[in-house]
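Residue numbers (full-length UniProt numbering): 1 to 295.
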């Protein structure tokens, strides 16, 4: 008997013993991810009990996997097929990125948008391609996915060619009508990804913003991008990384005040870290770990 099967047998008693009211139950489900485990393992009876009898929130973000039965149940309860889980993408994105072609088909049968752009960069067709899922690609194309990836970071065809070893996927896209003469506009790419990075920075998602600035830099070096990524690394406490990007920024624009400021901020963070390690060394002079950090 699995944990969820056992849970279903004793759930009513657990709720009664804990004295949890319906209004508080959603918070408990969220903390313990009971609802998510039910969806993940396909325990429809547990899922229905939590939702129908105790009002568990079916719209809260959960794991990026699921079950066909639970997917159908959620859709029958009126959950929007293109709902965006707190910026983590639509169910279609999750199904595609996890190579869940059966779940993907259910979503498409319920008229999920096959051309939704995830975080302003990728469409489901490109995501299916990167995950080498020909089944998901074919389902998306049949549902009307744009094989040229209009409005996304790059076209699926260019992505397939750049990946290498994706010959079968290139053939699939060309057969579906992908434009073999489509241009790869690096400046447009850079601008698009920088916009995503800027939005992530404003949301204080510094790790993702840093990664996106790095992606933009792959399209061509830029002092502003190095400056912005340096600031992200500074916010994450990565003094060495922040200094490296600040130095690159300064090399490209030696007379730019912001480049100098980025260098100074990184040096300050490194000095603070060094001072803290020196204090730690005094308290524990035998520590090899501290000694390694000081080198």
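Glycine included, each C-beta is placed from N, C-alpha and C at the ideal position.
A quick note: this is a predicted structure, and the numbers were derived from the prediction, not measured.
For the putative contact between residue 362 and residue 166, defined by C-beta atoms under 8 angstroms, what is the C-beta separation to the nearest angstrom? Since the displayed the chain opens at 1 and closes at 295, residue 362 lies outside it and no answer follows.
Less than 8 angstroms between the beta carbons of residue 127 and residue 97, yes or no? Here residue 127 corresponds to residue number 127 of the chain shown, with the count starting at 1. Here residue 97 corresponds to residue number 97 of the chain shown, with the count starting at 1. The answer is yes: Cβ separation under 8 angstroms.
If I measure Cβ to Cβ from residue 229 and keep anything under 7 angstroms in the same chain, skipping five residues before and after, which residues do I get? On the chain shown, position 229 is the one that residue 229 refers to. Excluding positions up to five away in sequence, the list reads 210, 213, 214 and 245.
What would DSSP say about residue 169, mapped onto helix, strand or coil? Walking along the chain shown from the start, residue 169 turns up at place 169. Residue state, collapsed to three classes: helix.
Which ranges would you report for the alpha helix (DSSP H) in the stretch 227-252 if only whole runs of at least 4 residues count? 239-252
Counting only the same chain and skipping the five closest in sequence on each side, list residues whose C-beta sits under 7 angstroms from that of residue 318. The shown model of the chain, from 1 to 295, leaves out residue 318, and the question about it has no answer.
Candidates 131, 146 and 188: closest to residue 163 by CA position: In the chain shown, counting from the first residue as 1, residue 163 sits at position 163. Answer by Cα proximity: 131.
Ranges of the alpha helix (DSSP H) found wholly within the stretch 58-142, counting only runs of at least 4: 68-76, 91-97, 101-109, 124-130 and 134-142
Check whether residue 186 and residue 219 have beta carbons under 8 angstroms apart: Position 186 of the chain shown holds residue 186. Position 219 of the chain shown holds residue 219. Result yes, Cβ atoms of residue 186 and residue 219 sit closer than 8 angstroms.
Spatial neighbours of residue 223 in its chain, beta-carbon cut-off 6 angstroms, leaving aside the 5 residues before and after: Translated into the one-based positions of the chain shown, residue 223 becomes position 223. 249, 252 and 253, listed in sequence order.
Find out if the Cβ-Cβ distance for the pair residue 92, residue 116 is shorter than 8 angstroms. On the chain shown, residue 92 is found 92 positions in, with the first residue counted as 1. On the chain shown, residue 116 is found 116 positions in, with the first residue counted as 1. Yes, they are a contact pair.
If you reduce the DSSP assignment to three classes, tell me which class residue 263 lands in. Start at 1 with the first residue of the chain shown, and residue 263 comes out as number 263. Three-state result, residue 263: helix.
Can you check whether the CB of residue 269 is closer than 8 angstroms to the CB of residue 242? The count along the chain shown starts at 1 and reaches residue 242 at position 242. The count along the chain shown starts at 1 and reaches residue 269 at position 269. Yes, the Cβ-Cβ distance between residue 242 and residue 269 is below 8 angstroms.
Taking residue 300 as part of the alpha helix (DSSP H), name the residues at either end of that continuous run. Lying outside 1 to 295, the shown extent of the chain, residue 300 is not represented and no answer is given.
Please tell me whether residue 101 and residue 139 are closer than 8 angstroms, where the distance is taken between their beta carbons. For the purposes of this step, residue 101 is taken as residue 101 along the chain shown, with counting starting at 1. For the purposes of this step, residue 139 is taken as residue 139 along the chain shown, with counting starting at 1. For residue 101 and residue 139, yes; Cβs fall inside 8 angstroms.
Segment limits, alpha helix (DSSP H) that includes residue 198: Taking the first residue of the chain shown as position 1, residue 198 is located at position 198. Where residue 198 is concerned, the enclosing alpha helix (DSSP H) stretches over 186-202.
Return the chain-ordered list of same chain residues with a C-beta closer than 7 angstroms to the C-beta of residue 119, the five sequence neighbours on each side being excluded. As a first step, residue 119 must be located in the chain shown, where it is residue number 119. Only 196 meet the Cβ criterion.
For residue 125, is the beta carbon positioned less than 7 angstroms from some heavy atom of the ligand HEM? Annotation note on the ligand HEM: not contained in the displayed structure, which lists no ligands.
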